[in-house]
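**Q** In the working numbering, the protein residues as written are 564 to 1041.
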Amino acid sequence: MTKEREFDVIIVGGGPGGYVAAIRCAQLGLNTACIDNFVGKDGKSSLGGTCLNVGCIPSKALLESSEHYAQVSGGLESHGIKISGVKIDVSAMIQRKDDIVSRLTGGIAGLFKANKITSIHGHGKLLDGKRIEVSSTSDPESKEIISAESIILAAGSSSIDIPCALVDGKTIVDSTGALDFDKAPKKLGVIGAGVIGLELGSVWQRLGSEVVLLEAQDEFLPVADQKVAREAKRLFSKQGLDIRLGARVTGTEKKGRKVIVEYEDKSGTQTLELDKLIVAVGRKPNTDNLFAPEAELLLDERGFIEVDSFWQTNIPGVYAIGDLIRGPMLAHKASEEGVAVAEVISGEEPELNYDVIPSVIYTHPEIAWTGQTEQHLKRAGEKIKVGSFPFAASGRAQALGETDGMVKIISHQETDQILGVHIIGPQASELIAEAVLAMEYSASTEDLALTIHAHPTLSEAIHEAALAVDKRALHIPN
Ligand code: FAD
Ligand code: AMP
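1. May I ask which residues mark the beginning and end of the alpha helix (DSSP H) holding Thr966?
2. With the cut-off set at 8 Å, would you say Asp967 and Pro1019 are in Cβ contact?
3. Using only alpha-carbon positions, find the residue among Val902, Val919 and Ala596 that is nearest to Pro913.
4. Among Gln590, Ile987 and Gln980, which one has its Cα closest to the Cα of Ser951?
5. Classify Gly638 as helix, strand or coil using the three-state DSSP reduction.
6. Apply the 10 Å Cβ neighbour rule to Asn849 and answer buried if 16 or more other Cβ atoms are within range, or exposed otherwise.
7. Let me see if you follow: with CB-CB separation under 8 Å, is Val649 close to chain B or not?
8. Just grab the DSSP bridge partners of Gln990 for me.
9. Any heavy atom of the ligand AMP inside 7 Å of the beta-carbon of Val812?
10. Is the stretch 635 to 655 touching the stretch 666 to 675, taking contact as three or more C-beta pairs under 8 Å?
11. Once the 5 residues before and after Leu1054 are set aside, which same chain residues still bring their CB inside 6 Å of it?
12. By Cβ distance below 6 Å, which residues in the same chain neighbour Val758 in space, the five residues on each side in sequence not counted?
13. Which same chain residues end up closer than 6 Å to Cys614 when comparing Cβ atoms and leaving out the 5 residues on each side of it in sequence?
14. Using only the alpha-carbon positions, how far apart do Gly764 and Val753 sit?
15. Have a look at Pro891, Val602 and Leu742 and flag the residue whose alpha-carbon is nearest the alpha-carbon of Ile683.
16. Which residue wins for smallest C-alpha separation from Gly592, given the options Ser1022, Asp652, Ala624 and Phe570?
17. Compute the Euclidean distance between the alpha carbons of Glu945 and Lys604, then round it to the nearest angstrom.
18. Return the CA-CA distance between Ile908 and Glu869, expressed in angstroms with no decimal places.
19. Beta-carbon within less than 6 Å of Arg889's beta-carbon, same chain only, minus the 5 sequence neighbours each way: which residues are those?
20. Using CA coordinates, which residue listed in Ile663, Leu639, Val635 and Lys660 is at the minimum distance from Lys650?
21. Does Leu837 come out as helix, strand or coil in the three-state DSSP assignment?
22. Indicate whether the contact test is met: 3 or more Cβ pairs, each with one atom in the stretch 615 to 624 and one in the stretch 705 to 712, closer than 8 Å.
23. Give the straight-line distance between the Cα atoms of Ser1022 and Ser701, rounded to the nearest whole angstrom.
24. For Ala1017, count the other beta carbons within 10 Å of its own beta carbon; 16 or more makes it buried, fewer makes it exposed. Which is it?
25. Should Thr1014 and Asp1033 be called a contact, given that it needs their Cβ atoms to be closer than 8 Å?
26. If distances are taken between C-alpha atoms only, which option among Lys566, Ser622, Asp788 and Val697 comes closest to Gly940?
27. By how many angstroms is the C-alpha of Lys896 removed from the C-alpha of Met564?
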């Protein structure tokens, strides 16, 4: 009988949580193995998890391509640039997206080699005694057991299915299917006006689809600051996204190549005939078949793996990170947890500041924020002061022709410490980094106000919003 392979650390999952944890473990001198079961479009193993294969990266590639298309088909007229005869080749756009995915996922494989990480393609399952059963993705009967001192579970998440709109991969798709339409559907429905629904709805709306978003909740983007959410709803509706709030989908029926969607709103039962329907109602942790009953791993009441403040599960030496545990389902949150857990395993006591994780929605304009929203702080009874600055008053935004949106800063009334920064506008995803850094250093609005920003830049809007908190903005009346 061959001896079980043994490692210092085994990581289950090769997404931004798992692959980053593997690299950091290897840097710290640990003999590391990473098991991942993802199979790419070419039928081969593909590291990088949801994020690189079917999430962050491919969605941003399509958002970028579709935004170029929207710009050249009429979006540049105010610059005096008139272009006629613009054509869209959807298959070339999808191929570009696939090429980006292959380059990046191949890059992770290269990093694994360079760091001497043992990469295992297969399905990992936690057994008792810190052992992992690895089964082949092509032949589940082919199994190997490996063991380690420490185990990191980083199996990520997958789309939530709803029985009233079962995904068939043709007419009704999840976010993965929506990255691969062969042409812009004439009439496209999206269930769920959350981050993923808005991003994917925007892609196809820019390429010519008539898009209806059906959202069960009455409030638009409740996770965002409500001033920003109101502005976003106004701008997205102006672009042509038909956002129906208080619209709960209750059923679907196939009719030839179309789908009839039934939903309830204030006025009763409504129906819509669509060419395609995207189900984007959230994601659930991949805990199915991740651990054997005898492992006795504890989950919380929402089905996430229960961890302590050092990401350790109820089993000593077994950790969990990323979309499998509480907190926002974001790639950068998963990666930071991956680094932190590797350091815990090496005997360090790392800290991760969950209060200043940036959130971004890559619509046009982009939305980005960090820290608390005004509605949350008010509910908590905090004494706050607020300043905002519209991009319409920014010279750089005027030059860009991107004047929609604003920067809003909330700080503590007495200490002046920044509690939240909310941006809707051009390059919000990049601008938010300044706010994250400021808040990481517990900066006050005065600190931001004292910082010199280059002129003319979009970042001046952050400077002006900080000044506006104390009613001393220079380029708007206070
Ligand atoms: P994952 O990336 O899900 O990786 C887990 C990996 O483990 C997968 O490869 C999976 O196949 C594998 N696996 C699962 N179970 C097993 C097992 N038992 N054995 C072996 N392998 C297993 N986040 C952002 O921050 N920015 C964005 O712009 C963004 N855009 C997104 C767009 C879309 C369309 C989607 C769907 C998600 C997006 N996200 C974004 C969310 C982001 O993708 C996730 O938060 C992130 O990937 C979580 O990382 P993870 O490492 O925890 O898990
Ligand atoms: P997120 O979790 O941010 O991806 O958002 C998913 C959204 O889908 C949430 O805002 C939910 O309210 C919404 N949702 C869930 N089920 C339904 C449904 N049956 N009909 C319409 N919207 C739904």
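Ideal placement from N, C-alpha and C gives every residue a C-beta, glycine not left out.
**A** According to the structure data:
1. That residue, Thr966, is in no alpha helix (DSSP H); it is neither H nor E in DSSP.
2. In this structure, Asp967 keeps its C-beta atom at 8 Å or more from the C-beta atom of Pro1019.
3. Closest by alpha carbon: Val902.
4. Ile987 is the residue among Gln590, Ile987 and Gln980 whose C-alpha sits nearest the C-alpha of Ser951.
5. Here Gly638 sits in helix by DSSP.
6. Note on Asn849: 16 or more other CB atoms within 10 angstroms of its CB, so buried under the neighbour-count rule.
7. Absent from the structure: chain B. Only one protein chain is present.
8. Listed as beta-bridge partners of Gln990 by DSSP are no residues whatsoever.
9. Within the cutoff, so yes.
10. Between the stretch 635 to 655 and the stretch 666 to 675, the count of Cβ pairs shorter than 8 Å is below three; the stretches do not touch.
11. With the chain covering 564 to 1041 only, the question about residue 1054 has no answer from this structure.
12. Cβ neighbours of Val758 beyond the five flanking positions: Ile924.
13. The beta carbon of Cys614 sits closer than 6 Å to those of Gly578, Pro579 and Ala894, all from its chain and outside the five residues before and after it, given in chain order.
14. Answer to the nearest angstrom: the Cα atoms are 7 Å apart.
15. Closest in C-alpha terms to Ile683, from the list Pro891, Val602 and Leu742, comes Val602.
16. Considering only alpha carbons, the answer is Phe570.
17. A direct Cα-to-Cα measurement between Glu945 and Lys604 gives close to 50 Å.
18. Straight-line measurement puts the Cα of Glu869 at about 18 Å from the Cα of Ile908.
19. Taken in chain order, the residues that qualify are Phe867.
20. If we check each option's Cα against that of Lys650, Val635 comes out closest.
21. Here DSSP, grouped into helix, strand and coil, assigns Leu837 to strand.
22. Verdict: no, contact absent.
23. Answer to the nearest angstrom: the Cα atoms are 51 Å apart.
24. Exposed is the call here.
25. At the C-beta level, Thr1014 and Asp1033 stay beyond 8 Å of one another.
26. It is Leu, not Gly, that sits at residue 940 in the sequence shown. Ranking the options by Cα distance to Leu940, first place goes to Asp788.
27. Note on Met564: pLDDT 49, under 50, position unreliable in the model; the coordinate value appears next. Approximately 42 Å, taken between the alpha carbons.
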